[in-house]
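*Asks:* My questions all concern the structure below.
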Amino acid sequence: MVKRSLFIFLILVIGVSACISIEKADPKKGTHPITSTTKIRLPMGYIPSVQFAPFYVALDKGYYKDESLDIEFDYSFETDAVTLVGHQDLPFAVVSGEQVLLARAQGLPVVYVMTYYKDYPVVLVSKSDKQISKPNDLIGKRVGVPMLSGASYIGLRAMLSATGIKENQISLETIGYNQVESLALDKQEVVVCYINNEPVQMESQGYKVNSLRVSDYVLLVSTGLITNELTLMKNPDLVRRMVKATLRGIRSTIEDPKEAFEISKKYVDNLANANPQQEKDQKEILKVTLDLWRSDPMGKTNPKAWENMQNVLLDMGMLMKKLDVGKAYSNEFLK
Amino acid sequence: MEANIGISRIAQRVHSLHNAITPKDIFSNLKKVLRKISRYRLILLLFSMILTIVVWEGLVFLFNLPPFILPSPLLVFQRFGQVILDGSLFTHIFITLGEILLGLFFGVLTATILGYFLSRSMIIEQIIGPYIVASQAIPTIAIAPLLIIWFGPGIFSKILICALTVFFPILINTIVGLRSVPTKLYDLMNSLQATRWQIFRYLEVPSSLPVFLGGLRVGATLSVIGAVVGEFVGADRGLGFLINVARGQYDTALVFVAVFVLVGMALALYGVVAWSETFFLSWQQKKS
Numbered sequence: 001m002v003k004r005s006l007f008i009f010l011i012l013v014i015g016v017s018a019c020i021s022i023e024k025a026d027p028k029k030g031t032h033p034i035t036s037t038t039k040i041r042l043p044m045g046y047i048p049s050v051q052f053a054p055f056y057v058a059l060d061k062g063y064y065k066d067e068s069l070d071i072e073f074d075y076s077f078e079t080d081a082v083t084l085v086g087h088q089d090l091p092f093a094v095v096s097g098e099q100v101l102l103a104r105a106q107g108l109p110v111v112y113v114m115t116y117y118k119d120y121p122v123v124l125v126s127k128s129d130k131q132i133s134k135p136n137d138l139i140g141k142r143v144g145v146p147m148l149s150g151a152s153y154i155g156l157r158a159m160l161s162a163t164g165i166k167e168n169q170i171s172l173e174t175i176g177y178n179q180v181e182s183l184a185l186d187k188q189e190v191v192v193c194y195i196n197n198e199p200v201q202m203e204s205q206g207y208k209v210n211s212l213r214v215s216d217y218v219l220l221v222s223t224g225l226i227t228n229e230l231t232l233m234k235n236p237d238l239v240r241r242m243v244k245a246t247l248r249g250i251r252s253t254i255e256d257p258k259e260a261f262e263i264s265k266k267y268v269d270n271l272a273n274a275n276p277q278q279e280k281d282q283k284e285i286l287k288v289t290l291d292l293w294r295s296d297p298m299g300k301t302n303p304k305a306w307e308n309m310q311n312v313l314l315d316m317g318m319l320m321k322k323l324d325v326g327k328a329y330s331n332e333f334l335k
Numbered sequence: 001m002e003a004n005i006g007i008s009r010i011a012q013r014v015h016s017l018h019n020a021i022t023p024k025d026i027f028s029n030l031k032k033v034l035r036k037i038s039r040y041r042l043i044l045l046l047f048s049m050i051l052t053i054v055v056w057e058g059l060v061f062l063f064n065l066p067p068f069i070l071p072s073p074l075l076v077f078q079r080f081g082q083v084i085l086d087g088s089l090f091t092h093i094f095i096t097l098g099e100i101l102l103g104l105f106f107g108v109l110t111a112t113i114l115g116y117f118l119s120r121s122m123i124i125e126q127i128i129g130p131y132i133v134a135s136q137a138i139p140t141i142a143i144a145p146l147l148i149i150w151f152g153p154g155i156f157s158k159i160l161i162c163a164l165t166v167f168f169p170i171l172i173n174t175i176v177g178l179r180s181v182p183t184k185l186y187d188l189m190n191s192l193q194a195t196r197w198q199i200f201r202y203l204e205v206p207s208s209l210p211v212f213l214g215g216l217r218v219g220a221t222l223s224v225i226g227a228v229v230g231e232f233v234g235a236d237r238g239l240g241f242l243i244n245v246a247r248g249q250y251d252t253a254l255v256f257v258a259v260f261v262l263v264g265m266a267l268a269l270y271g272v273v274a275w276s277e278t279f280f281l282s283w284q285q286k287k288s
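Read top to bottom, the protein sequences are chains A and B. 1 is the number of the first residue of the first sequence in the working numbering; add one for each residue after it. 1 is the number of the first residue of the second sequence in the working numbering; add one for each residue after it.
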């Protein structure tokens, strides 16, 4: 009995000693100082795509880690992301600019802190043989829009308003997210879409297209990074770090798009296994998106764009009254 | 002797109790209780609705929930009033109701006709059956965009999506209902030299009607889902479209308004089918 107890005691001592030595042997724990990293779930508002290459680059190259941020990408709907940020369930999200004003009108205290796309990415695309090269050519044409809300419809209305065309002068139809198919089958003469997506797909299918960019006719707030007023008030340093790391990711992507594309393969499903044509299309999407990232100064938002956006939303009846747009954005975290 | 008398009395008491309260008595008393409850059904329903509203309001107040997360019942009611007064809600209700009724009509018609032929032939059922079952495994939300590409963004594609949603439960219930007709009754009809039409009219239809109407109850409520799915994917009017717009504007109160109207529609359709059962199956109730 005594021998058995001694034997068990010895086993326990050896076991505990072994655990302690394994702890000490871990170089990460033994020698490096303990840093507190902030875990952040970041809704992107769209599916995984090369359009988010700067975020992937920033994560892969350790820019977020340098700022003690641990980023996890989330691909839920844009409106859900805005609600979660507004309710302080999440600190940040990547959303289109008009969402900020629409959300603030409903009491969600979200604030835009960094521009991601310098231009509003909505375009009106038509087959080149239709010879629709200026806004007046849209009159009388069948125009397909995904739905009567969201960035695409707002962009269309903004462009029509800026060029003096009334909505009843075009034949507008909601077509869901079937722009490429609708245009290819000539069900629509013009479709409203994003410059760095559908036009590339159309040209990949062999169709020559004309694009009318909304940003050529009216300055609007585009896609950017948002946070909420509570985070701004209680943790402005977190916002500064997030913006800093993301801007570094954008700069790196512009400097070396090839590397950015290779990094994106780790984060975008099926990109690593894409066939040559698909890879070519995705590289083209990245190339088109580079123009949207090139801004000077990078990340800064234009107050005029906010005023224009508010006017468009008021005109559409999506806002019932004017807001204090100055509270909807901040450029102070770009320094 | 006294013990024997005691036992005898106990036995008598048990025997009298047994005679006084039979299972039949318990059942008939339960029926009386339930009948009393049904008289106060409306009051109970109103009470439960008021309780729900009170709890809902309490949750909003206790947890200080903002309207974009959970609007209060009062806010939803106010929003309801606004869209009623400006007339927009009626437009959307009319569109969705039209899609539901047409989708239900065509879905029931095709399912009933196909169900009849499938019930008559095992071979046809074995050939076509797997395709029908497989088609039901495809989520409607996945196929809806394709239907809009193929058939256009107009009302036809919404009616088609609605009809497809309704189709399967009606089909299965039609087949089951027709196959449940006892063979003896077919023999009886044949012995009376009934024509094919008479067998259909006087035997198959009344026999299969209870099961068919059971399927129609399910189909009627599913038709609401089908119409809304179609509108979610691509529409410029309707309650599904209204939900999309309300979500896009963070107007959660309006989302609730649209959802409650859809619930009301589903309940009304269910009620119409349930009422039609009392009418078409009155012979069944009289017999029982």
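Every residue gets a Cβ at the ideal spot worked out from N, C-alpha and C, and that includes glycine. What you are looking at is a predicted structure, and each value in this text was computed from that prediction instead of being measured.
Please confirm if ASP26(A) has its CB atom under 7 Å from at least one CB of chain B.
*Replies:* Here ASP26(A) scores only 38 on pLDDT, less than 50, and its place in the model is too uncertain to base an answer on.
*Asks:* Please list, in chain order, the residues of the region 58 to 74 of chain B that have any C-beta partner in chain A closer than 8 Å.
*Replies:* Listed by position along the chain: PRO66, PRO67, PHE68, ILE69.
*Asks:* Of all Cβ atoms in chain B, is any one closer than 7 Å to the Cβ of GLN106(A)?
*Replies:* Yes, GLN106(A) counts as interfacial toward chain B.
*Asks:* Grouping DSSP H, G and I as helix and E and B as strand, with all else coil, what is GLY144(A)?
*Replies:* Strand at GLY144(A).
*Asks:* From the DSSP output, read off the bridge partner residues of LEU146(B).
*Replies:* Paired residue(s): none; LEU146(B) is not in a bridge.
*Asks:* I need the DSSP call for TYR117(A), collapsed to helix, strand or coil.
*Replies:* Residue state, collapsed to three classes: coil.
*Asks:* Quick check: the Cα distance between ASP66(A) and TYR153(A), rounded to an integer number of angstroms?
*Replies:* Using only the alpha carbons, I get a separation of about 39 Å.
*Asks:* Find the nearest neighbour of ASP237(A) within the set ARG41(A), TYR75(A), VAL288(A), LYS335(A), judged by alpha-carbon distance.
*Replies:* ASP237(A) has its Cα closest to that of LYS335(A), out of ARG41(A), TYR75(A), VAL288(A), LYS335(A).
*Asks:* Count the other CB atoms, across all protein chains shown, that sit within 10 Å of the CB of ASN64(B); report buried if there are 16 or more and exposed otherwise.
*Replies:* ASN64(B) is exposed by the Cβ-count criterion.
*Asks:* Quick check on the DSSP output: the beta strand (DSSP E) that includes ILE165(A) runs from which residue to which?
*Replies:* Per DSSP, ILE165(A) belongs to no beta strand (DSSP E) and is neither H nor E.
*Asks:* Can you give me the C-alpha to C-alpha distance between PRO135(A) and GLY176(A), rounded to a whole angstrom?
*Replies:* Their backbone Cα atoms lie some 23 Å apart in a straight line.
*Asks:* Return the Cβ separation of PHE73(A) and MET44(A) in integer angstroms, given the expectation that the two are a contact with Cβ distance under 8 Å.
*Replies:* About 6 Å separates the two Cβ atoms, so the contact holds.
*Asks:* By a C-beta neighbour count over all protein chains shown, 10 Å radius and 16 as the cutoff for buried, is ALA144(B) buried or exposed?
*Replies:* So ALA144(B) counts as buried.
*Asks:* Can you give me the Cβ contacts of GLY86(A) inside the same chain, cut-off strictly under 7 Å, excluding the 5 residues immediately before and after it?
*Replies:* Within the same chain, GLY86(A) has close Cβ partners ALA103, LEU108, PRO109, VAL110, ASN228.
*Asks:* Whose CA, out of ASP80(A), LEU183(A), LEU220(A), lies closest to the CA of ARG157(A)?
*Replies:* If we check each option's Cα against that of ARG157(A), LEU220(A) comes out closest.
*Asks:* To the nearest whole angstrom, what separates the beta carbons of THR246(A) and SER96(A), a pair I think is in contact under 8 Å?
*Replies:* Contact doesn't hold; Cβ gap of about 16 Å is too wide.
*Asks:* Residues in its own chain within less than 8 Å of THR83(A) by CB, not counting five upstream and five downstream?
*Replies:* Cβ within range, chain order: ALA103, LEU108.
*Asks:* For the 8 Å Cβ check, are there 3 or more pairs between the region 91 to 102 of chain B and the region 157 to 166 of chain B?
*Replies:* Taking 8 Å as the limit for Cβ pairs, the verdict is that the region 157 to 166 of chain B does touch the region 91 to 102 of chain B.
*Asks:* Which two residues bound the contiguous beta strand (DSSP E) that contains ASP70(A)?
*Replies:* It spans 69 to 74 - the beta strand (DSSP E) in which ASP70(A) sits, taken as one unbroken run.
*Asks:* Which residues of the region 297 to 321 of chain A have a Cβ closer than 8 Å to any Cβ of chain B? Give them in chain order.
*Replies:* Within the region 297 to 321 of chain A, the residues whose Cβ lies closer than 8 Å to some Cβ of chain B are MET318, listed in chain order.
*Asks:* For GLY58(B) versus PRO153(B), is the C-beta spacing smaller than 7 Å?
*Replies:* Contact flag unset, no.
*Asks:* Tell me the rounded alpha-carbon separation between ASP70(A) and ARG241(A).
*Replies:* Those two C-alpha atoms are separated by around 12 Å.
*Asks:* With which residues is VAL123(A) paired in a DSSP beta bridge?
*Replies:* Paired residue(s): CYS193(A), ARG213(A).
*Asks:* Going by beta-carbon coordinates alone, are LEU239(B) and ARG79(B) separated by less than 7 Å?
*Replies:* Not closer than 7 Å, so no.
*Asks:* Using DSSP with H/G/I as helix, E/B as strand and the rest coil, what is SER207(B)?
*Replies:* Helix, per DSSP.
*Asks:* Shorter than 7 Å from the beta carbon of PRO130(B) to some beta carbon of chain A?
*Replies:* So no, PRO130(B) is outside the interface.
*Asks:* Who does TYR329(A) pair with in a DSSP beta bridge?
*Replies:* Paired residue(s): TYR112(A).
*Asks:* So which residues on chain B does ALA103(A) lean against when the C-beta distance must stay under 7 Å?
*Replies:* Within chain B, the residues near ALA103(A) are TYR250.
*Asks:* Are the C-beta atoms of SER288(B) and some chain A residue less than 7 Å apart?
*Replies:* The predicted model places SER288(B) with a pLDDT of 47, which falls under 50 and marks its position as unreliable, so this point remains unresolved.
*Asks:* Against chain A, does ARG237(B) count as a neighbour if the rule is that its beta carbon must be under 7 Å from one of theirs?
*Replies:* For ARG237(B), the answer is no, since every Cβ of chain A falls outside 7 Å of its Cβ.
*Asks:* Suppose contacts are defined by Cβ-Cβ distances below 7 Å. Is SER126(A) in contact with GLU189(A) by that definition?
*Replies:* Contact: yes.
*Asks:* Assuming ILE285(A) and VAL200(A) make a contact with CB atoms under 8 Å, what is their CB distance in whole Å?
*Replies:* 5 Å between Cβ atoms; contact.
*Asks:* What ranges does the alpha helix (DSSP H) occupy inside the region 196 to 269 of chain A, keeping only unbroken runs of at least 4 residues that lie completely in it?
*Replies:* List check, alpha helix (DSSP H) in window: 198 to 204, 229 to 234, 236 to 255, 257 to 264.
*Asks:* Are ALA220(B) and LEU269(B) touching if we call contact CB-CB under 7 Å?
*Replies:* Yes, these two residues count as a Cβ contact at 7 Å.
*Asks:* Determine the contact status of ALA260(A) and ALA58(A), defining contact as a CB-CB distance below 7 Å.
*Replies:* In this structure, ALA58(A) does not lie closer than 7 Å to ALA260(A) by Cβ.
*Asks:* Taking 8 Å as the threshold, find out whether the region 170 to 179 of chain B comes into contact with the region 241 to 250 of chain B through three or more Cβ pairs.
*Replies:* Result no; under three Cβ-Cβ pairs closer than 8 Å.
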